[in-house]
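For reference, the structure is listed below as structure tokens.
Numbering (my numbering), first residue to last: -15 to 150.
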């Protein structure tokens, strides 16, 4: 198994604001106009976008949300635990290559849900892909505050403290 630096260097990955590393690999040439999208969008959006995303053991993908559905794909490394607040419930998804342990090669994050991720194993990494439709736009990206999540989900202090900043 290649070390994470191999993927970072060869795929030209850059630090992502939520944590980890990424590179956009696809942005559709065509767009959907604002008038054809739900009210939560502020403007036109590309039909779809895709990125490589890499998380190392020392990284966290802090709780954030976007306005579109996001489909995660597992490529290499070890299992990634993705935590998603859907309504008042916290769900844990296992993105990885071992179905005997409950892993899935794909995990869907519904639009508007707070989610974050951390590796299950230490001294490892997970190389994933994320496909977003309608396409990702940073104006749709919102990072959660610890205070906001602790107020909304008081029974989940440990994971909120792990996957938020200050």
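Quick reminder that beta carbons are idealized off the backbone N, C-alpha and C, glycines included.
As the crow flies, the alpha-carbon of residue 127 is around 4 Å from that of residue 48. In the DSSP annotation of this structure, the continuous segment of the beta strand (DSSP E) that includes residue 78 starts and ends at 73 to 79. In the DSSP assignment, residue -8 falls within the unbroken alpha helix (DSSP H) covering -12 to -6. Separation of residue 112 and residue 20 (C-alpha to C-alpha, rounded to the nearest whole angstrom) is 30 Å.
For residue 143, there is no enclosing beta strand (DSSP E); the enclosing alpha helix (DSSP H) covers residues 141 to 146. If you look at residue 7, you'll find it in the beta strand (DSSP E) that goes 5 to 11. Of all C-beta pairs linking the stretch 79 to 97 to the stretch 44 to 60, three or more are shorter than 8 Å, placing the two stretches in contact.
Beyond the five residues adjoining it in sequence on each side, residue 46 comes within less than 8 Å, by CB distance, of 2, 3, 100, 127, 128, 147, 148, 149 in the same chain, given in chain order. Within the same chain, 35 come within 6 Å of residue 8 by CB-CB distance, once the 5 residues on both sides are set aside.
With the rule of 3 Cβ pairs closer than 8 Å, the stretch 26 to 34 does not count as touching the stretch 58 to 67. Ranked by Cα distance from residue 91, the options 41, 40, 67 are led by 67. By alpha-carbon distance to residue 124, the top candidate from 26, 14, -14, 87 is 26.
Residue nearest to residue 122 within the set 0, 40, 139 is 0 (criterion: CA-CA distance).
The C-beta distance from residue 110 to residue 39 rounds to 5 Å, short enough to meet the 8 Å contact threshold.
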